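Participant: 385 is the number of the first residue of the sequence shown in our numbering; add one for each residue after it.
For each residue, glycine too, the CB sits at the ideal point set by N, CA and C.
Nothing here was measured: the structure is a model prediction, and the numbers come from that model.
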Amino acid sequence: MLTAAGPRRAATDERPVAGEPPVGDERPAVLVLNDVTKRYPNGREALRDVDLTIPEGDFVFLVGPSGAGKSTLMKLIIRDELATEGEVILDGDDLAKLPRRKVARVRRKIGAVFQDFKLLPTKTARENIAFALEVTGTPRRKIRPAVDRALRLVGLSGQADQFPRQLSGGEQQRTAIARALVHDPRLVIADEPTGNLDPLISWEIIQLLLRINQLGVTVLMATHNADVVTALRKRVIALEEGRVIRDEIGGRYHRQT
């Protein structure tokens with residue numbers, strides 16, 4: 385069974401135990417997948433026997449060809465779908481066993497960023513970001529300061545009152561990142577966040593995600609951008625046909641052929 389629970393280091397290092405962080409890494413785990421399989425009613429297995437642990441503060445690239453299972457994994461993490469077998473544990477909570485009343489609270493621990501931005505076209509940048517707090521019942525007096533902080537972090541204070549159609553692609557993605565950050569998540573997941581952007585703007589978005597990670601937020605980014613992955617040499621988890629085939633620190637993209 386091909387699984388990976390911790391990143392591969394140099395050959396002289398001890399290997400991590402399956403389902404645990406790398407040896408010597410005592411950071412608490414933000415995300416743990418234990419023997420996770422996702423099987424659809426038609427019998428197709430999108431994920432099979434996936435074990436991995438992502439400690440607090442990690443920056444992780446999730447790579448693999450189309451259909452490898454990256455998007456399915458993201459859906460399990462944000463609880464859009466549930467695993468058929470195994471456990472998906474976010475910050476200590478088993479997502480499949482959550483009482484309905486706790487689902488919203490646990491989801492606030494995740495900020496999600498998507499390739500197509502998913503901004504509401506009739507709301508300004510400020511209103512899009514604020515909406516993420518409004519739907520969770522955040523008191524009104526706390527919303528404006530939180531939105532202002534998020535706008536400053538992504539460098540969009542001057543565009544706060546513009547609508548998505550008035551923003552460039554990069555500015556729209558910055559707005560989406562601000563929306564993901566406004567409720568102080570433990571984990572940001574980014575599903576192809578640079579897929580619709582040109583190379584220069586893509587690097588700006590990557591630098592922003594790196595800065596967010598330096599502030600202590602764990603980042604999991606699914607991408608096909610081989611240049612970015614290879615240049616940054618972060619932890620790389622590679623999926624193929626629903627299985628983890630590689631998990632290493634300082635990894636390259638290693639495009640599949």
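1. Going by DSSP, what residue range makes up the alpha helix (DSSP H) through V490?
2. Anyone know if the C-beta pair for D478 and N580 falls short of 8 angstroms?
3. What is the DSSP secondary structure of G553, counted as helix, strand or coil?
4. What did DSSP end up calling N418 once you bin it into helix, strand or coil?
5. Can you tell me whether A452 is helix, strand or coil according to DSSP?
6. In whole angstroms, what separates the C-alpha of V572 from that of E410?
7. Classify L594: buried if its beta carbon has 16 or more other beta carbons within 10 angstroms, exposed otherwise.
8. Apart from the five residues on each side of it in sequence, which residues of its chain come closer than 7 angstroms, Cβ to Cβ, to G600?
9. Taking 7 angstroms as the limit between beta carbons, can you name the residues of its chain near P391, skipping five residues before and five after?
10. Given this structure, state the Cα-to-Cα distance separating G403 from D545, to the nearest angstrom.
11. Note the first and the last residue of the continuous beta strand (DSSP E) segment covering R630.
12. Between F498 and A560, how many whole angstroms is the CB-CB distance? I'm expecting something under 8 angstroms.
13. Between A452 and the rest of its own chain, which residues show a CB-CB distance below 6 angstroms, the 5 nearest in sequence each way excluded?
14. Just to confirm, is the Cβ distance from V434 to R463 under 8 angstroms?
15. Using DSSP with H/G/I as helix, E/B as strand and the rest coil, what is A622?
16. From the DSSP secondary-structure annotation, give me the bridge partner or partners of V444.
17. How long is the line joining the alpha carbons of V519 and E471, rounded to whole angstroms?
18. Quick one, are the C-beta atoms of V420 and P439 less than 8 angstroms apart?
19. Does A413 come out as helix, strand or coil in the three-state DSSP assignment?
20. In the structure shown, what three-state DSSP assignment does R528 receive?
21. Closer than 6 angstroms by C-beta to V612: which residues in its own chain qualify, once you throw out the five before and the five after it? Chain order, please.
22. Would you identify the three-state DSSP class for L474, choosing helix, strand or coil?
23. Are the beta-carbon atoms belonging to L537 and A562 less than 8 angstroms from one another?
24. Under the three-state reduction of DSSP, which class applies to V566: helix, strand or coil?
25. By Cβ distance below 6 angstroms, which residues in the same chain neighbour A574 in space, the five residues on each side in sequence not counted?
Facilitator: According to the structure shown:
1. In the sequence shown, the residue the question calls residue 490 occupies position 106. In this chain, the alpha helix (DSSP H) harbouring V490 covers R484 to R491.
2. As a working note, residue 478 is residue 94 in the sequence shown. As a working note, residue 580 is residue 196 in the sequence shown. Not closer than 8 angstroms, so no.
3. By 1-based counting over the sequence shown, the position of residue 553 is 169. Reduced to three states, the DSSP call for G553 is helix.
4. As a position in the sequence shown, residue 418 is number 34, starting the count at 1. In the three-state DSSP reduction, N418 falls in the strand class (E or B).
5. Residue 452 sits at position 68 when you count from the first residue of the sequence shown. For A452, the secondary structure class from DSSP, reduced to helix, strand or coil, is coil.
6. The residue labelled residue 572 in the question sits at position 188 within the sequence shown. The residue labelled residue 410 in the question sits at position 26 within the sequence shown. Taking the CA atoms as reference points, V572 sits about 21 angstroms from E410.
7. Taking the sequence shown and counting its residues from 1, the one referred to as residue 594 is at position 210. Counting Cβ neighbours within 10 Å, L594 comes out exposed, since fewer than 16 surround it.
8. As a working note, residue 600 is residue 216 in the sequence shown. Cβ within range, chain order: G441.
9. Taking the first residue of the sequence shown as position 1, residue 391 is located at position 7. Unreliable placement is indicated for P391, whose pLDDT of 46 sits below 50; the coordinate value is still reported in the next sentence. Closer than 7 angstroms at the Cβ level, and outside the excluded window around P391, lie P406, R619, D631, E632 and I633.
10. For this step, residue 403 is matched to residue 19 along the sequence shown. For this step, residue 545 is matched to residue 161 along the sequence shown. Its pLDDT being 43, under 50, G403 is placed unreliably in this model, and the value from its coordinates should be taken loosely. One Cα belongs to G403, the other to D545, and the distance between them is close to 46 angstroms.
11. For the purposes of this step, residue 630 is identified with residue 246 of the sequence shown, where counting begins at 1. Going by DSSP, R630 is part of the beta strand (DSSP E) stretching over R627 to E632.
12. Taking the first residue of the sequence shown as position 1, residue 498 is located at position 114. Taking the first residue of the sequence shown as position 1, residue 560 is located at position 176. That pair is a contact at about 7 angstroms.
13. Counting from 1 along the sequence shown, the entry for residue 452 is found at position 68. The beta carbon of A452 sits closer than 6 angstroms to those of L623 and E624, all from its chain and outside the five residues before and after it, given in chain order.
14. The count along the sequence shown starts at 1 and reaches residue 434 at position 50. The count along the sequence shown starts at 1 and reaches residue 463 at position 79. Going by C-beta atoms, V434 is not nearer than 8 angstroms to R463.
15. Here residue 622 refers to the residue found at position 238 of the sequence shown. Three-state result, A622: strand.
16. Along the sequence shown, one-based indexing puts residue 444 at 60. Looking at the DSSP output, V444 sits in a beta bridge with L604 and R619.
17. Numbered from 1 along the sequence shown, position 135 holds the residue referred to as residue 519. Numbered from 1 along the sequence shown, position 87 holds the residue referred to as residue 471. Rounded to whole angstroms, V519 to E471 spans 28 angstroms at the Cα level.
18. Stepping through the sequence shown from its first residue, residue 420 is reached at position 36. Stepping through the sequence shown from its first residue, residue 439 is reached at position 55. No, the Cβ-Cβ distance between V420 and P439 is not below 8 angstroms.
19. Position 29 of the sequence shown, counting from 1, holds the residue named residue 413. Strand, per DSSP.
20. By 1-based counting over the sequence shown, the position of residue 528 is 144. Residue state, collapsed to three classes: helix.
21. On the sequence shown, residue 612 is found 228 positions in, with the first residue counted as 1. Residues of the same chain with a CB within less than 6 angstroms of the CB of V612, apart from the 5 flanking positions on each side, are I590 in chain order.
22. Within the sequence shown, residue 474 is the residue found at index 90, counting from 1. In this structure, L474 counts as strand in the three-state DSSP scheme.
23. Taking the first residue of the sequence shown as position 1, residue 537 is located at position 153. Taking the first residue of the sequence shown as position 1, residue 562 is located at position 178. Yes; because the gap between Cβ atoms is below 8 angstroms, this pair is in contact.
24. As a first step, residue 566 is located in the sequence shown; it is residue number 182 there, counting from the start. V566 falls in the coil class under three-state DSSP.
25. The sequence position of residue 574 within the sequence shown is 190, counting from 1. So the list reads V497 and M605, once near-sequence residues are dropped.
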